[in-house]
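Engineer: In my numbering, the protein residues as written are 16 to 68. Ideal Cβ positions, reconstructed from N, Cα and C, are used throughout, including at glycine.
#1: Can you tell me whether residue 59 is buried or exposed, with buried defined as 16 or more other CB within 10 angstroms of its CB?
#2: Considering only the alpha carbon of each residue, which of 62, 66, 31, 53 lies closest to residue 44?
#3: Alpha carbon to alpha carbon, how far is residue 20 from residue 68? Give it in angstroms, no decimals.
#4: Given this structure, state the Cα-to-Cα distance separating residue 47 from residue 18, to the nearest angstrom.
#5: So what's residue 58 in DSSP terms, helix, strand or just coil?
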């Protein structure tokens, strides 16, 4: 279950990063998407730490 939530958080973070970076250029979208993926994973793990065993 943790992995599923991690995947959802990473997908959402990456998509949000791509959407923000795409207004500038494709390379910027890629870089911001990678950062967003990491932030999404971090946030998901922090949120699910107390809920899931």
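Structural biologist: This is what the structure gives:
#1: As a first step, residue 59 must be located in the chain shown, where it is residue number 44. Buried: at least 16 other Cβ atoms inside 10 Å.
#2: As a position in the chain shown, residue 44 is number 29, starting the count at 1. Residue 31 is the option with its Cα nearest to residue 44.
#3: Start at 1 with the first residue of the chain shown, and residue 68 comes out as number 53. Start at 1 with the first residue of the chain shown, and residue 20 comes out as number 5. In a straight line, the C-alpha of residue 68 is about 13 Å away from that of residue 20.
#4: By 1-based counting over the chain shown, the position of residue 47 is 32. By 1-based counting over the chain shown, the position of residue 18 is 3. Rounded to whole angstroms, residue 47 to residue 18 spans 23 Å at the Cα level.
#5: Residue numbering aside, residue 58 sits at position 43 when the chain shown is read from its first letter. Three-state DSSP puts residue 58 in a helix.
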